[in-house]
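Residue numbers (the working numbering): 16 to 469.
Comments concern the structure below.
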Amino acid sequence: MTEFGRRKRGYPPTFPPKAQPVAIRGSSGDRSILQLRPGDAVRPTAFMAVGEHSVRIRPVLSIFAASLIAMAPLHAFAQPEESVSVRDRPRPEFDPPGIPVGAFILHGSLDLGVATTDNVFAAETAEEEDTIFTAGLRGRLQSNWSRHALTFEAGAETVSYDEFSSEDYDTSYAGVAGRLDIGSSTNVNARAYIAHDVESRRDPDAPAAGIPRAEFDRTELAIGAQHRFNRLRVGATLSELEHEYDGLQSFRDFNETRLTGRAELELTPRVGLLLEASTDERDYDNTPALSSEGQTYLVGATLNLTDLMQGEVAVGQFQRDYDFGGSSDGFAASADLEWYITRLTTLSFHARRNSEDVVGATTALPYIDTRYGARVDHELRRNIILTAGVEAGTRDYDTIVREDDFMYGDVGADFFVNRYVAIRARYEHAEVSSDVPTAEFDENRFSLGISIRR
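Given below as structure tokens:
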């Protein structure tokens with residue numbers, strides 16, 4: 016039940032896999048740092064809704080970096096008093112209280128949902144309708160120490176189709192993340208995550224209708240450190256990501272190692288200079304020709320305009336060299352901004368451009384991914400949030416004549432009945448056009464969910 020258009024701070028990252036929507040979140044001030052489902056990593060990868068998951072590969076660093084920020088001690092990031100987005104604002108009268116367990120707080124939820132879709136298989140023709148039922152359990156045990164931090168999370172979900180039982184599937188995940196504070200200006204972070212997941216029918220590399228969904232196991236490990244020198248903050252993260260597919264899809268197995276360095280220089284209390292460089296190595300065990308090495312260099316600005324806007328914008332260059340002899344390079348971009356129009360309305364923007372490659376059920380090709388979008392959240396009442404979002408973009412394949420244009424949108428509302436019950440309603444639309452006719456589809460989906468929270 017993930018939506019697109021969320022920034023990596025506050026509400027779960029943009030299009031993060033497994034991000035909990037507001038109806039199943041622990042509290043507005045107590046965000047999950049373990050559930051991967053971006054994004055972004057922090058960018059949306061496919062239209063997501065009840066009963067769907069996205070497995071487009073994104074650098075794990077971005078999600079891990081978001082978790083570092085979420086866990087960072089306040090004294091290490093001295094800034095002017097900030098405004099808070101509609102999604103991030105604490106609501107003590109509606110946030111679930113949790114259960115104290117020693118020096119930890121335990122949050123849990125039972126999440127039930129139903130959805131209708133007019134295109135189960137994301138097909139160009141002969142669309143099939145169906146009703147989808149979901150049930151999930153999630154738990155998070157999080158420390159409430161004044162220094163350091165430790166969080167454990169786990170969950171499972173089952174998805175059932177009324178007519179097409181062949182589409183039924185189960186997913187699960189578990190993870191742990193921690194932060195060690197060293198003095199007032201330095202911290203070291205580590206994260207481990209395992210999950211069993213399935214591939215969305217909307218993914219451009221998913222098997223065609225009639226072929227079972229691709230199931231896979233994902234493992235992630237990451238470690239990072241940050242240090243602040245007065246007006247300069249520097250950090251680095253090393254991460255390892257591994258995907259292992261089940262059965263006949265095992266030819267898609269791969270692993271990725273990534274190293275990223277980042278520096279932020281505070282030019283004024285409101286504006287900073289951002290520099291980021293990353294290098295990665297992707298190895299496809301059974302398709303070695305697609306193995307590659309890549310680099311991305313970005314320069315930009317961080318903004319902290321208190322009651323007006325927060326976020327960052329960066330541009331630069333990417334380069335990727337493949338073992339088969341080809342290469343891809345070009346303009347890279349990354350942007351995430353939140354504009355606080357009023358205390359009751361927040362407008363979020365995001366954009367991204369970089370190189371991607373994937374071994375899919377139908378393709379094994381590199382391409383350039385460009386996407387941009389916006390989301391607005393409005394607090395109609397203290398316990399009712401209205402939301403609407405849109406994202407568009409292209410996937411431009413390098414070695415064949417193929418370009419996919421996509422547009423995703425949703426509109427809906429979140430209703431907090433009390434501290435223990437939340438209700439979520441959405442209408443979602445997905446549309447893809449392509450030079451490859453079989454990759455085109457339109458889908459409309461209505462969903463309703465309820466969460467019992469603690």
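Idealized CB from N, CA, C, for every residue including glycine.
Of the choices 186, 192 and 177, whose alpha-carbon is the least far from that of residue 168?
-> Selection 186, 192 and 177 evaluated against residue 168 yields 192 as nearest (Cα-Cα).
Measuring CA to CA, which of 283, 239 and 257 is closest to residue 250?
-> Considering only alpha carbons, the answer is 239.
Between residue 225 and residue 407, what straight-line distance do the alpha-carbon atoms span, to the nearest angstrom?
-> Their backbone Cα atoms lie some 28 Å apart in a straight line.
Go through its chain and collect everything with a Cβ distance to residue 216's Cβ below 6 Å, but skip five positions before and after it.
-> Within the same chain, 136 and 137 come within 6 Å of residue 216 by CB-CB distance, once the 5 residues on both sides are set aside.
Apply the 10 Å Cβ neighbour rule to residue 332 and answer buried if 16 or more other Cβ atoms are within range, or exposed otherwise.
-> Burial call: exposed.
Residue 312 to residue 247 span [Cα, whole Å] = Whole-angstrom Cα-Cα distance: 19 Å.
Give the secondary structure of residue 321 by DSSP, where H, G and I count as helix, E and B as strand, and everything else as coil.
-> In the displayed model, residue 321 falls within coil according to three-state DSSP, outside both helix and strand.
Beta strand (DSSP E) segment containing residue 241, residue limits | Segment 230 to 244, the beta strand (DSSP E) holding residue 241.
Would residue 437 pass as a contact of residue 396 if the rule is Cβ separation under 8 Å?
-> Going by C-beta atoms, residue 437 is not nearer than 8 Å to residue 396.
Which of helix, strand or coil DSSP assigns to residue 342 | Three-state DSSP puts residue 342 in a strand.
Helix, strand or coil at residue 266 [DSSP, three-state] | Secondary structure of residue 266 (DSSP, three-state): helix.
Is residue 288 helix, strand or coil when you go by DSSP?
-> Judged by DSSP in its simplified three-state form, residue 288 adopts strand.
Would residue 327 be called buried (16 or more neighbouring beta carbons within 10 Å of its own) or exposed?
-> Buried is the call here.
8 Å contact criterion, which residue 389 and residue 426 should meet: CB distance rounded | Wrong, their Cβ atoms sit about 13 Å apart, outside the cutoff.
Assuming residue 186 contacts residue 145 (C-beta within less than 8 Å), just tell me the rounded distance between them.
-> Actually they are not in contact, since the Cβ atoms of residue 186 and residue 145 sit about 19 Å apart, beyond 8 Å.
Would you call the CB atoms of residue 189 and residue 172 closer than 8 Å?
-> Their beta carbons are not under 8 Å apart, which means residue 189 does not touch residue 172 by this criterion.
For residue 253, which option in 322, 271 and 198 has the closest C-alpha, if you only look at C-alpha atoms?
-> For residue 253, the closest C-alpha among the options 322, 271 and 198 is that of 271.
Cβ-based burial, residue 346 [other Cβ within 10 Å; buried from 16] = The residue in question, residue 346, is exposed, as its Cβ has fewer than 16 Cβ neighbours within 10 Å.
Of all the beta strand (DSSP E) runs that stay within the bounds of the stretch 125 to 171, which reach a length of 3 or more residues?
-> Whole beta strand (DSSP E) segments, 3+ residues: 145 to 158.
DSSP on residue 115, reduced to helix/strand/coil?
-> Correct three-state label for residue 115: strand.
Give the straight-line distance between the Cα atoms of residue 100 and residue 360, rounded to the nearest whole angstrom.
-> The straight-line gap from Cα to Cα measures roughly 8 Å.
Since residue 414 is in the beta strand (DSSP E), which residue starts that stretch and which ends it?
-> That residue, residue 414, is in no beta strand (DSSP E); it is neither H nor E in DSSP.
Exposure label - residue 296; buried when at least 16 CB within 10 Å | So residue 296 counts as exposed.
Can you list, in chain order, the residues of its chain whose CB lies under 6 Å from that of residue 285, leaving out five sequence neighbours each side?
-> The residues are 319 and 320.
Limits of the beta strand (DSSP E) - the one that residue 461 falls within = Element bounds for residue 461: 456 to 468.
CB contact flag (residue 466, residue 126, <8 Å) | Yes, Cβ-Cβ distance for residue 466 and residue 126 is below 8 Å.
Contact belief for residue 369 with residue 384 at Cβ below 8 Å, rounded distance in angstroms = Right, their Cβ atoms sit about 6 Å apart.
From the DSSP output, which residues share a beta bridge with residue 109?
-> Residue 109 pairs with nothing; no bridge assigned.
Which same chain residues, not among the five before or five after residue 446, have their C-beta less than 6 Å away from its C-beta?
-> Excluding the 5 residues flanking it on each side, residue 446 has same chain C-beta neighbours closer than 6 Å at 422 and 457, in chain order.
Would you tell me roughly how many angstroms separate the C-alpha atoms of residue 175 and residue 464, rounded to the nearest one?
-> Inter-residue distance for residue 175 and residue 464 is about 15 Å (C-alpha atoms, whole angstroms).
Within 10 angstroms of the Cβ of residue 433, are there 16 or more other Cβ atoms? Answer buried if so, exposed if not.
-> By the C-beta density criterion, residue 433 is exposed, having fewer than 16 other C-beta atoms within 10 angstroms.
CA-to-CA distance, residue 348 to residue 314, given in whole angstroms = Straight through space, the alpha carbons of residue 348 and residue 314 are spaced by roughly 9 Å.
Alpha carbon to alpha carbon, how far is residue 451 from residue 222?
-> Cα-Cα distance, rounded: 15 Å.
If you count every other CB in all the chains shown that lies within 10 Å of the CB of residue 178, and 16 or more means buried, which is it?
-> Exposed, by the Cβ-count rule.
Hey, would you say residue 324 sits closer than 8 Å to residue 352, going by beta carbons?
-> Their beta carbons are under 8 Å apart, which means residue 324 touches residue 352 by this criterion.
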